[in-house]
Amino acid sequence: MGVSRALLLLLCLGALLGVPAAESGPLPGKIRAASEEWADYTQADGQGMGWDILRAVFEPEGVKLEIRSVPYTRSIGLVQRGEVDAQVGAYRDETEGLLYPHWHYDVDHIYALGLASKPSPTLATIGNYRLVWMRGYEYNNYLPNIRRFNEIHRAVGILPMLAHDRADFYIDALMEIQDVLAKADDPKQFKLSPLINLPLYLGFANNENGRTLRALFDRRMEVLVKSGELKPIFERWKQPYPFDESGKPPKP
């Protein structure tokens, strides 16, 4: 009885002192991560800032990163079926049944791309316009009062769609919009308007591996953010650092 009470006291003290919980099982030797192929971020050849961040998180703990490049909606299905351990580039709690960590690892700076001749939209007015974005991104869940939108499968027709007034604005993360705009014959015909910053998360599989890897991810991110060890990765890829002094996402 005395031993049991002592053990209970130790557990309670640990909780009060904020001792982190251990991973729910032994660490696997690898994490299988699925992502859409984004240039300079999660390329199919293993290059990109997103992959560099995940390597910095997992590989010092002996967990090797294995990547799989698939369309965004397919990455969700792979995690749901447990065929991979995590989906890259998710918004928190966007998919029922996936496990989301406490820490984000990056931030999507969401912009509207439209003709320079149109009024600049804001977060308060964006719902008044005809919008378009890539299938599966579901910005209607994150932007207010959205009424008219279409989802497309490929980015090749975005600029003609805007130029011929078939939509008012294309919504996407800044890096993706810059990639679209780079293909314009006359970039000055278009303009960018900032809307919102959305933290990016890994969506983990709802199984033992997923729970273990999620706990490891949160533990490692807390260390890396407090030490500033991730900053050189963002500097190398010329991207803004996604944490303020408190470790929170920057305000829009």
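Numbering-wise, the sequence shown is residues -21 to -1, 1 to 231 according to mature numbering (1 follows the signal peptide of the UniProt record, and there is no 0).
Here a beta-carbon is modelled for each residue, glycine too, at the ideal position from N, C-alpha and C.
Model, not experiment: these values are computed from the prediction.
- CA-to-CA, the gap between L160 and G93 works out to about 10 Å.
- Bounds of the beta strand (DSSP E) holding W112 are 109 to 113.
- Boundaries of the alpha helix (DSSP H) harbouring D197: 187 to 206, taken from the DSSP string.
- Beta-bridge pairing by DSSP links T21 to W17.
- Beyond the five residues adjoining it in sequence on each side, Q22 comes within less than 7 Å, by CB distance, of E16 in the same chain, given in chain order.
- Burial state of S206 is exposed, judged by a 10 Å Cβ sphere holding fewer than 16 other Cβ atoms.
- A check of alpha carbon separations from L174 across N124, A103, Q66 identifies A103 as the nearest.
- Secondary structure of S54 (DSSP, three-state): helix.
- Per the C-alpha coordinates, the member of A163, R190, I46, E75 positioned closest to R11 is I46.
- Under the three-state reduction of DSSP output, D164 falls in the coil class, being neither helix nor strand.
- When the Cα atoms are used, F128 and E40 turn out to be separated by approximately 43 Å.
- Looking at the DSSP output, H88 bridges to N176.
- Residue L33 holds the alpha-carbon nearest to the alpha-carbon of L209 among L33, S14, Q26, Y20.
- Rounded to whole angstroms, the gap between the alpha carbons of R60 and P166 is 42 Å.
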